[in-house]
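A.B. asks: In this note's numbering, the protein residues as written are 156 to 360.
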Amino acid sequence: MRQSPANRILLLLKTEGPQLGADVGGHLGISAEAARQQLTKLAEEGLAEPVTEQGAGRGRPKQLWQLTAAGHQTFPDGHAELTAGLLSIITAQLGPAALDAVIAARETETLARYRQDVSAAALSERVRQLAAVRSREGYMADCWREEDGSFMLVENHCPICAAASVCAGFCRSEIETFRSVLGADVERSEHILLGARRCAYRISA
156 MRQSPANRIL
166 LLLKTEGPQL
176 GADVGGHLGI
186 SAEAARQQLT
196 KLAEEGLAEP
206 VTEQGAGRGR
216 PKQLWQLTAA
226 GHQTFPDGHA
236 ELTAGLLSII
246 TAQLGPAALD
256 AVIAARETET
266 LARYRQDVSA
276 AALSERVRQL
286 AAVRSREGYM
296 ADCWREEDGS
306 FMLVENHCPI
316 CAAASVCAGF
326 CRSEIETFRS
336 VLGADVERSE
346 HILLGARRCA
356 YRISA
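1. Using the rule of at least 16 other Cβ atoms within 10 Å of the residue's Cβ for burial, across every protein chain shown, is W299 buried or exposed?
2. Tell me which residues share the same chain as P160 and place their Cβ nearer than 8 Å to its Cβ, disregarding the 5 neighbours each side in the sequence.
3. So G201 and T223 are in contact, right, with Cβ under 8 Å, and what is the actual spacing, rounded?
4. In or out: L285 buried (at least 16 other Cβ within 10 Å) or exposed?
5. Flag this pair as yes or no: are the beta carbons of G304 and S359 separated by less than 9 Å?
6. Among all the DSSP beta bridges, which residues are the ones paired with L242?
7. Inspect the beta-carbon positions of L348 and C326 and report whether they are closer than 9 Å.
8. Over the uninterrupted beta strand (DSSP E) stretch that includes I358, give me the two end residues.
9. Run through DSSP, which three-state label would T229 get?
10. So, for R281: in the same chain, excluding its five sequence neighbours on each side, which residues have a beta-carbon less than 6 Å away from its beta-carbon?
11. Please name the residue in L167, G181 and L254 whose C-alpha comes closest to that of A203.
12. Roughly how many angstroms separate the alpha carbons of L219 and R191, rounded to a whole number?
13. Can you tell me the Cα-Cα spacing of D297 and G240, whole angstroms?
14. Thinking just about the alpha-carbon of each residue, which of R291, E264 and L165 is nearest to the one in P314?
15. Is it the case that the Cβ atoms of R353 and E310 are separated by a distance below 9 Å?
16. For T170 and A287, what's the separation of their Cα atoms in angstroms?
17. CA-CA distance, A355 and E199?
18. Compare the beta carbon distance of A225 and L278 with 9 Å and say whether it is the shorter of the two.
19. Taking the straight line between their C-alpha atoms, what separation do you get for S335 and V206?
20. Starting from the C-beta of A319, find all residues in its chain whose C-beta is less than 7 Å away, skip the five residues before and the five after it, and write them out in chain order.
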């Protein structure tokens, strides 16, 4: 994606979630007025929209900006329609067992590939390596350590969302792959398919 001001705003809203107009300007190093102009243009194009958030106490409600469904679709989708269609055909023509076999084969291949890049001795480093691999695959991943010693892995985009929406087995397979390659307990705490803006995973030894 070419990094025009509009594209930088789309990327910011994708990776950081809803933002105040003034904060958008601060992130991009432009004036608040310039940010509002860009946001208004994105709204006219149907890519972003304002939402009202009631602040604590009696303060005035805040107007935040977030991506629309069309805005999310400006990011790579892994040939969504083709993938979803093929999966539906496999299920209809060959049965659910055939689709399960496809998912299992994909999991085996993915795990073997990930193990080449996620091999550090320390869990913290393996989490970082996994986040790097996932980012290269288009998931816009990030990770950090929590105060309780656990780790968070977040993915701000899902390039296989269309496939996962047709078959939840992809999501189940993905979390099992994470558990195997990290050698740790992994639980999903946020899920794009359930309406969250991202997928998030809590990881503990």
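The beta-carbon is built from N, C-alpha and C at its ideal position, and this holds for glycine as well.
C.D. replies: Result, derived from the coordinates:
1. As a position in the sequence shown, residue 299 is number 144, starting the count at 1. Per the 10 Å Cβ criterion, exposed.
2. Here residue 160 is taken as the residue at index 5 of the sequence shown, counted from 1. Only L183, I185, A189 and Q193 meet the Cβ criterion.
3. Residue numbering aside, residue 201 sits at position 46 when the sequence shown is read from its first letter. Residue numbering aside, residue 223 sits at position 68 when the sequence shown is read from its first letter. Yes, they are in contact, since the Cβ atoms of G201 and T223 sit about 6 Å apart, within 8 Å.
4. If you number the sequence shown from 1, residue 285 lands on position 130. L285 should be labelled buried.
5. If you number the sequence shown from 1, residue 304 lands on position 149. If you number the sequence shown from 1, residue 359 lands on position 204. Yes, they are a contact pair.
6. Position 87 of the sequence shown, counting from 1, holds the residue named residue 242. Bridge partners of L242: none, in fact.
7. For the purposes of this step, residue 348 is taken as residue 193 along the sequence shown, with counting starting at 1. For the purposes of this step, residue 326 is taken as residue 171 along the sequence shown, with counting starting at 1. Yes, they are a contact pair.
8. Position 203 of the sequence shown, counted from the start, is the residue given in the question as residue 358. Segment C354 to S359, the beta strand (DSSP E) holding I358.
9. Within the sequence shown, the letter at position 74 stands for residue 229. The answer is coil: DSSP assigns T229 none of H, G, I, E or B.
10. By 1-based counting over the sequence shown, the position of residue 281 is 126. Correct list, in chain order: V273, A275 and L337.
11. Sequence index remark: in the sequence shown, residue 203 carries index 48 (1-based). With distances taken between Cα atoms, A203 lies closest to L167.
12. Residue mapping note: residue 219 aligns to position 64 of the sequence shown, counting from 1. Residue mapping note: residue 191 aligns to position 36 of the sequence shown, counting from 1. Roughly 11 Å separates the two Cα atoms.
13. Here residue 297 is taken as the residue at index 142 of the sequence shown, counted from 1. Here residue 240 is taken as the residue at index 85 of the sequence shown, counted from 1. Distance between the alpha carbons of D297 and G240: 30 Å.
14. Walking along the sequence shown from the start, residue 314 turns up at place 159. Nearest C-alpha to P314: R291.
15. Position 198 of the sequence shown, counted from the start, is the residue given in the question as residue 353. Position 155 of the sequence shown, counted from the start, is the residue given in the question as residue 310. Contact flag set, yes.
16. Mapped onto the sequence shown, residue 170 falls at position 15. Mapped onto the sequence shown, residue 287 falls at position 132. Using only the alpha carbons, I get a separation of about 15 Å.
17. Here residue 355 is taken as the residue at index 200 of the sequence shown, counted from 1. Here residue 199 is taken as the residue at index 44 of the sequence shown, counted from 1. Taking the CA atoms as reference points, A355 sits about 31 Å from E199.
18. Numbered from 1 along the sequence shown, position 70 holds the residue referred to as residue 225. Numbered from 1 along the sequence shown, position 123 holds the residue referred to as residue 278. No, these two residues do not count as a Cβ contact at 9 Å.
19. As a first step, residue 335 must be located in the sequence shown, where it is residue number 180. As a first step, residue 206 must be located in the sequence shown, where it is residue number 51. Straight-line Cα distance between these residues: approximately 40 Å.
20. Looking up residue 319 in the sequence shown gives position 164. Around A319: C313, F325, C326 and L348.
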